[in-house]
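A.B. asks:
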Amino acid sequence: MTLAPETTDLKVELALDDDWFTVCDLSALLPGRGVAALLPDGRQAAIFRDRSGELFAIDNRDPFTGAAVLSRGLTGTHQGRPFVASPLLKQRFDLASGQCLDDEAVRVTAYKVRTS
Numbered sequence: 001m002t003l004a005p006e007t008t009d010l011k012v013e014l015a016l017d018d019d020w021f022t023v024c025d026l027s028a029l030l031p032g033r034g035v036a037a038l039l040p041d042g043r044q045a046a047i048f049r050d051r052s053g054e055l056f057a058i059d060n061r062d063p064f065t066g067a068a069v070l071s072r073g074l075t076g077t078h079q080g081r082p083f084v085a086s087p088l089l090k091q092r093f094d095l096a097s098g099q100c101l102d103d104e105a106v107r108v109t110a111y112k113v114r115t116s
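Last residue of the sequence shown: 116 in UniProt numbering, with the numbers rising by one and none dropped.
(1) Go ahead and pull the three-state DSSP assignment for residue 30.
(2) What are the start and end residues of the beta strand (DSSP E) that includes residue 45?
(3) Distance, Cα to Cα, residue 50 vs residue 17?
(4) Specify the secondary structure class of residue 88 as computed by DSSP and reduced to three states.
(5) Could you tell me the boundaries of the beta strand (DSSP E) in which residue 24 lies?
(6) Would you kindly report the start and end of the unbroken beta strand (DSSP E) that includes residue 56?
(7) So who's on the other strand from residue 114, going by DSSP bridges?
(8) Helix or strand or just coil, what does DSSP make of residue 74?
(9) In this structure, how does DSSP classify residue 109 when only helix, strand and coil are distinguished?
(10) Under the three-state reduction of DSSP, which class applies to residue 68: helix, strand or coil?
Laid out in structure tokens, this is it:
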């Protein structure tokens, strides 16, 4: 049995420089999978929706390799913290804070997310 895609008019927005920027439709986010979005300054964000419906956004660039791949990583939880593991070298990044769970000296940008 295949579930029909969710239909909604809700948009996902990220907080950028005291303003909100629309990155995608909520229906584009499947639980457990990421989506990359191009930001106005040329950076990319990786947006995720967990199985409970909570939204997260972090920088899409893997700081260990420089590749824009975090949106394609595997998601999971560690000690109750949602994370994405880079598809390249497998370092895990906390989706709420951007902190690398495998190297405390490394962090990616985490964005505030809302729907409108």
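Virtual Cβ for every residue (Gly too), placed ideally from N, Cα, C.
C.D. replies: For this structure:
(1) coil
(2) 44–49
(3) 25 Å
(4) coil
(5) 19–25
(6) 55–59
(7) 13
(8) strand
(9) coil
(10) strand
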